[in-house]
Amino acid sequence: MPVVKPISDQTRALTTIQEREDHIQRTIAHGYDDLTNGRVRPWKQAKAEADRMQAIR
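Position one of the sequence shown corresponds to residue 38 (the working numbering), numbered consecutively onward.
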C-alpha cells in the first residue's frame, strides 16, 4: 500500500499561486474575446449605466 504524505506548505502555496495564475489567464482571455467580438462598451456609456442602476437602488 502506498504511503500518503500530507501536502506540504510549499506544495499548497504553489497550488494557490497556480490557481491565481490560471484565473488571471482566463480573465485576460475572456476580456480579449470580448474586445475582439465587440462586446466592450465605451467607458462613458458603462459609467452612465452603472450610475443609473445605483440611482434606482
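Cβ coordinates follow ideal geometry from the N, Cα and C atoms, glycine included.
Under the three-state DSSP convention, the category residue i falls into
i: glycine 75; result: coil
i: isoleucine 61; result: helix
i: arginine 94; result: coil
i: proline 54; result: Position check: residue 54 holds isoleucine in this sequence, whereas proline was assumed. In the structure shown, isoleucine 54 sits in a helix (DSSP, three-state: H, G or I).
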